[in-house]
Each structure stands twice: as C-alpha cells, then as structure tokens.
Amino acid sequence: PGSLGGSPIIKIPAGQPFAGRLAGGGERGQVNGTSTYGGGYPSSYNYTGADVRGRGFPFYFWPIAFGTTGTLSYFYHDEYGLPTNESRPGGAQQMATYYISSADGKGNHTVRVIADRNSLLDIVNILDGFISRGRKSGDCWSKAVRPINGVIAPFDAAHVKPEQVWTYIRANSAALSIDEYNNSAVFNSKDRAASGSALPAFIDHGAVTCITGRLVTNIPL
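Rendered as structure tokens:
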C-alpha cells in the first residue's frame, strides 16, 4: 500500500498559490470519495455542499480540472488553471486508459484514471501489475474480462466529461471515469447527490471495483 498520509494541517504562506487556504492532514483512510465533484473531503476540513472552489487541499494536490469550455460553471472554471497547467502539484493532468472487454466480445468499455502526471506514473505501474497477475489468477478481475495495460496520455476533455465520472478520490484530485457511463444527475442542481446513476449491466462491476480499490489503496499522498 501507499503511504498513510496524515501530515499536519498548515496554512499556505503568502506568496504561494492559494495563500491563506489550508493544506495537508489527509490520511489514507480518507482517500475514498464519492461521485460528487466537491464531495469526499475529510471531516477536519468541515466543508458542506458540493463544490471545489475556494477550498483547501487535504492531500496538497489540486482538484482535477475539466477546462473552461462548458456551460456549467460548477465544473467548467479556471480557479485551478487548465488541465495542461504544469504548476499543478505532480505536474499536468493526464489520464491512463484501460480497455476492458468481455470474453465473448460484447460489452466493451473504456475506463480512465485521471490525476496529475506523477501520481499516474506511480499508480499505473501498480495497476498494470495487478492486471498482469489477474490474467493468470483471476485476482480481483472477472474471468469474463480481458483488461489491457493502461496507456498514459495528456488529459482530453473530449474523452472525459463530468457525467462520465464514476468516482472522485483524494479530495477530488483524482478520478475514475467510464466512457459508456452517463450520470446525468450531476447536472440537476448545485448540491449534487453523492449517489450517482447505476452502472449499466454490461460494464463489469468487478473490474471497476478492482481499479477503484487499488487507486484508493495505492495512489500517492
């Protein structure tokens, strides 16, 4: 597993980005998030409602960005810069893509892990190791699934839309999306429900649960 986290909470000093906001304190047990962009913060930060604007950084990493080309400012704003911003902790936002298909060729789906570059480099090595073992032992992966090792590429807003995100983790600084998933509930109101739409039946729930669990356990803090 990755580090347990739990560094002291500090106030970001003057002269640094987001000076005056809080940072740190996030622990491994608080990494797991929700399907709500703005949910999943540690209780020590005492945030209510669903939003990422104006908030601190329990794990030091900034919330993922969707860019500014969109009609809903809840998602599409530039408070944390563009996904390509190299000043983001861990480097520019990128995505690792996993193509998962059923043994009979039906129900193909694409899973993407979104995070800063450095975090992805670490987590993809771990995920690929589990996938390789899973092909032989069935560890965590459905026997009907044939996952392909992740391919890292720059974040592409055309392939990752807010309604395709299955879960956010690490205080919204990383996420797992599924191309074939459509959680239209995210557009209903500003305070989105933490429970999103159910996964379609053809998506292998075991594979999605596996990737999510490995992310929560191993993503850098």
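Using my numbering, the letters of the sequence shown correspond one by one to residues -7 to 213. Virtual Cβ for every residue (Gly too), placed ideally from N, Cα, C.
Grouping DSSP H, G and I as helix and E and B as strand, with all else coil, what is residue i?
i, result
"Pro0", "coil"
"Val157", "strand"
"Phe49", "strand"
"Lys135", "Since pLDDT at Lys135 reaches only 42, below the 50 mark, its modelled position is unreliable, and the value read off the structure follows with that caveat. In the structure shown, Lys135 sits in coil (DSSP, three-state: anything other than H, G, I, E or B)."
Look at the Cβ atom of residue i, then the Cβ atom of residue j, and state whether they are nearer than 7 angstroms.
i, j, result
"Ala166", "Ala107", "yes"
"Ala199", "Ile144", "no"
"Gly83", "Asn110", "yes"
"Tyr52", "Pro81", "yes"
"Pro55", "Asn180", "no"
"Phe10", "Ile4", "yes"
At which residues does the beta strand (DSSP E) containing residue i begin and terminate?
i, result
"Leu168", "166 to 170"
"Ala145", "143 to 146"
For residue i, write down the residues that DSSP places opposite it in a beta bridge.
i, result
"Gln85", "Asp108"
"His101", "Ile92"
"Ser14", "The residue you asked about is not Ser; residue 14 is Leu in the sequence shown. Answer is Lys3."
Output needed for residue i: all residues of its chain with C-beta closer than 7 angstroms, excluding positions within five of it in sequence on either side, in chain order.
i, result
"Gly62", "Tyr68"
"Thr204", "Thr159, Leu168"
"Leu74", "Ala57, Gly59"
"Gly18", "Gly(-3), Pro34, Pro50, Phe51, Ala163, Leu213"
"Val208", "Val23, Asn24, Ile161"
CB-CB under 6 angstroms to residue i, same chain, minus the five flanking residues each way: which ones, in chain order?
i, result
"Pro146", "Gln86"
For the alpha helix (DSSP H) holding residue i, just list the boundary residues, first then last.
i, result
"Val23", "Unbroken run through Val23: none, as it is neither H nor E."
"Gly73", "Unbroken run through Gly73: none, as it is neither H nor E."
"Val208", "197 to 210"
Using a Cβ-Cβ cutoff of less than 8 angstroms, which residues in the same chain neighbour residue i once the five nearest sequence positions on both sides are dropped?
i, result
"Ser(-5)", "Arg20, Pro212, Leu213"
"Ser189", "Tyr173, Asn174, Asn175, Ser176, Ala177"
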